[in-house]
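All letters in the sequence shown, in the order written, are residues 8 to 269 by the numbering used here.
For glycine and all other residues, C-beta sits at the position ideal for the given N, C-alpha and C.
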Amino acid sequence: MVLPKKIIWLVPLLFSMVLLFPLKVNAWGDDIHRYLCPEELTQVKDGCKIADTWEFVQQYPHSELMNHLCLDNKPDCPAKVLAKYYVKKYYIEGKKDLNLLAAAAHLIQDANVPDHWFPMRAFGEKIFVPFVPSWVGKTEGLVSMAINQRKTDWNFPREFGGKTFNINLAYLENIKAQIAETISHEPTESLAMLEAQIKQRSFWQKVRSYRELAQLGLLILLPFLVFCFWRWESKKQGKVDFLILAIFWLALLIFYLLTFLY
Numbered sequence: 008m009v010l011p012k013k014i015i016w017l018v019p020l021l022f023s024m025v026l027l028f029p030l031k032v033n034a035w036g037d038d039i040h041r042y043l044c045p046e047e048l049t050q051v052k053d054g055c056k057i058a059d060t061w062e063f064v065q066q067y068p069h070s071e072l073m074n075h076l077c078l079d080n081k082p083d084c085p086a087k088v089l090a091k092y093y094v095k096k097y098y099i100e101g102k103k104d105l106n107l108l109a110a111a112a113h114l115i116q117d118a119n120v121p122d123h124w125f126p127m128r129a130f131g132e133k134i135f136v137p138f139v140p141s142w143v144g145k146t147e148g149l150v151s152m153a154i155n156q157r158k159t160d161w162n163f164p165r166e167f168g169g170k171t172f173n174i175n176l177a178y179l180e181n182i183k184a185q186i187a188e189t190i191s192h193e194p195t196e197s198l199a200m201l202e203a204q205i206k207q208r209s210f211w212q213k214v215r216s217y218r219e220l221a222q223l224g225l226l227i228l229l230p231f232l233v234f235c236f237w238r239w240e241s242k243k244q245g246k247v248d249f250l251i252l253a254i255f256w257l258a259l260l261i262f263y264l265l266t267f268l269y
């Protein structure tokens, strides 16, 4: 039978191609970044949206958009650690570069977007996020609409990790308080220590970002693996097909388990 052999080679190839698609960073819009920005940072060119600008990404370390994510809402996710890094850099360089504080504020804002707690992959104009709640990718638009319409009684509950996060004005005020607390004093960690944390957490976040895709791949391949095994056992043929598929499936399983090291 030719079909299993085609699938054996086609599925790994397709999965490898999927890995090349970039993560989609979908968070607060410019209006929300302005709303959450401390008044003393509004004098900065581009304000608290500065970390999204091409100029900033080119000039400052670790500024790639991947580090704006906070997958699984981890307390030591790249966005939160990088915010501390920029604040530390601001203080040890003589409190001269307000761009660093504005970028730190931006990262704290991004880390608190529930949509940033999930990996989203962009396939052209389509966003693909398997095994996630239906609200993922919609929070920013709803909050922007509520703020722009000057509403006060809006609330968008988000279930995550066994908790309910009520995204409302009080939630935004809490983000403002986090920003004020973070930029008000120099972090105790050294710049080198924070940089090492960023590199480590950024690496593992990239690995973790493929968890849902790996899970999907395991589920899709499992029935073909069982079929190839049955074919080998009952008809005494297709041993090589089964072994190739089994090796790929086990490798994918190991990769899937590694994503939990994040």
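- Fewer than three Cβ pairs drawn from the stretch 120-128 and the stretch 184-203 lie within less than 8 Å of each other, which leaves the two stretches out of contact.
- Here P164 carries a strand assignment [DSSP, helix/strand/coil].
- Apart from sequence neighbours up to five positions away, the residues of its chain that approach D53 with a beta-carbon distance below 6 Å are T60, ordered along the chain.
- Note that the C-beta distance between T195 and V94 is not below 8 Å.
- Inter-segment contact for the stretch 150-166 and the stretch 71-91 is absent: fewer than three beta-carbon pairs are separated by less than 8 Å.
- Taking 8 Å as the cut-off, the Cβ atoms of Y269 and L78 count as close.
- Using a Cβ-Cβ distance cut-off of 8 Å, the stretch 180-188 and the stretch 104-116 are in contact, since at least three pairs of beta carbons, one from each stretch, lie closer than that value.
- In the DSSP annotation of this structure, the continuous segment of the alpha helix (DSSP H) that includes F249 starts and ends at K246 to L265.
- Beta-bridge analysis with DSSP links N173 to P164.
- Measuring C-alpha to C-alpha distances from A111 to each of N74, Y178 and R128 identifies N74 as the nearest.
- Two segments are said to touch when three or more pairs of C-beta atoms, one from each, lie closer than 8 Å; by this definition the stretch 131-145 does not touch the stretch 101-109.
- Note on geometry: alpha-carbon atoms of P68 and I57 lie some 14 Å from one another.
- In this structure, DSSP gives P85 a helical state, which the three-state scheme calls helix.
- Taking C-beta separations shorter than 7 Å and ignoring five residues to either side along the sequence, the partners of G245 in its chain run P11, C235, R238 and W239, following chain order.
- Between I174 and L43 the beta-carbon gap is near 13 Å, outside 8 Å, which marks them as no contact.
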